[in-house]
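Trainee: Numbering (the numbering used here), first residue to last: 30 to 295.
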Ligand SMILES: NC(=O)c1ccc[n+]([C@@H]2O[C@H](COP(=O)([O-])OP(=O)(O)OC[C@H]3O[C@@H](n4cnc5c(N)ncnc54)[C@H](OP(=O)(O)O)[C@@H]3O)[C@@H](O)[C@H]2O)c1
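1) Going by beta carbon distance, what residues of the same chain come within less than 6 Å of residue 136, once the five residues before and after it are set aside?
2) How about residue 50 and residue 177: do their beta carbons lie closer than 8 Å?
3) For the alpha helix (DSSP H) that residue 154 lies in, which residues bound it at each end?
4) Looking at residue 169 and residue 39, is the spacing between their C-beta atoms short of 8 Å?
5) Just mark residue 257 as buried or exposed, buried being the case when its beta carbon has 16 or more other beta carbons within 10 Å.
6) Determine whether the beta carbon atoms of residue 254 and residue 212 lie at a separation below 8 Å.
7) Inspect the CB distances between the segment 281–289 and the segment 240–253 and report whether three or more fall short of 8 Å.
8) On the premise that residue 220 lies in contact with residue 46, defined as a C-beta separation below 8 Å, what is that separation, rounded to the nearest angstrom?
9) Could you tell me the alpha carbon to alpha carbon distance between residue 75 and residue 85, rounded to whole angstroms?
10) According to DSSP, is residue 259 part of a helix, a strand, or is it coil?
11) If you compare alpha carbons, which of 87, 259, 206 and 139 is closest to residue 158?
12) Give the DSSP bridge partners of residue 60, in chain order.
13) My assumption, with CB atoms under 8 Å, is that residue 109 sits in contact with residue 154. Please give the rounded CB distance.
14) With DSSP as the reference, identify every bridge partner of residue 227, one or two as the case may be.
15) Could you work out which residue in 72, 67 and 79 is closest to residue 57 when comparing CA atoms only?
16) Quick test of your reading: residue 83 and residue 54, contact by CB under 8 Å. State the CB separation rounded to the nearest angstrom.
17) Given that a residue counts as buried once 16 or more other Cβ atoms are within 10 Å of its Cβ, and exposed if not, what is residue 123?
18) Apart from the five residues just before and just after residue 114, which ones in its own chain have a Cβ nearer than 6 Å to its Cβ?
19) Verify the contact flag: residue 170, CB atom, against every heavy atom of ligand 1, threshold strictly below 7 Å.
20) Need the endpoints of the beta strand (DSSP E) that residue 207 sits in, please.
21) Within the present structure, is the beta-carbon of residue 46 separated from the nearest heavy atom of ligand 1 by less than 7 Å?
22) Among the candidates 67, 290, 274 and 196, whose CA atom is the shortest distance from the CA of residue 229?
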């Protein structure tokens, strides 16, 4: 598929989202970047504009608010058609369900599932109407394949993103809109720090640049589910080979070996 001319990226103020932006900017795609931290976004946009001579618009918005996707759609389509949407913003506080504040539980579901779904609805219809070849790339996780304790709502939210993307991809076959879903494993971003996890010892994290590159390449080729890295492919296969009761115990044991609970930001 051709390189998109105008892309909307959510969660673009850091991590994997910022790397999607850097890679697309280098390909001369104009950008519309969204996250909550206004200063961070504006400084990043100015850098991308100066280096690549592209147009970069920003929107500071809390995507966990109920009407966020309508605001995003209205602002992003004001100055032109959008032919790529990357639903990347996501949170996953690592905490036992009954010890989590109910506001956190609602926020995970609203951001990771509701806003992603309603944004996909609004932009997919816009893309079908303007008829240019377009891509929607939804960011899930290898957690989509794995029931992991303390990711009680996060892991199912990512399973939802994966299955939603697979079904929609099939529904839109033969149209101008292609749907992909990227399932990263542990990636070196601020995600752990932002989601009350601290690394303990060895952990083979992938770089966010590599994850974003594999995600974009897969989406441009029209792949539906993209799992970056051999270890993550194995992690996603493993839960399908053993009984689910064992699975959740092994995942809990593995997570406890890799991380401890820390202060959270989101
Ligand atoms: N890193 C990993 O190990 C990993 C593994 C698997 C999947 N993923 C998925 O990859 C995606 C990106 O994660 P990341 O690692 O880049 O995380 P990150 O470093 O924590 O970045 C998250 C991005 O989302 C934005 N964001 C968070 N809450 C938001 C809200 N309510 N409204 C608007 N923007 C919001 C943040 O910006 P502001 O704070 O400025 O709003 C930031 O730009 C997520 O969907 C995550 O679930 C990550």
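Virtual Cβ for every residue (Gly too), placed ideally from N, Cα, C.
Mentor: So, to answer that:
1) 93
2) no
3) 145–159
4) no
5) buried
6) yes
7) no
8) That pair is no contact at about 11 Å.
9) 8 Å
10) helix
11) 206
12) 36 and 85
13) The Cβ separation is near 16 Å, so there is no contact.
14) 289
15) 79
16) 6 Å
17) buried
18) 37, 152 and 165
19) yes
20) 206–211
21) yes
22) 290
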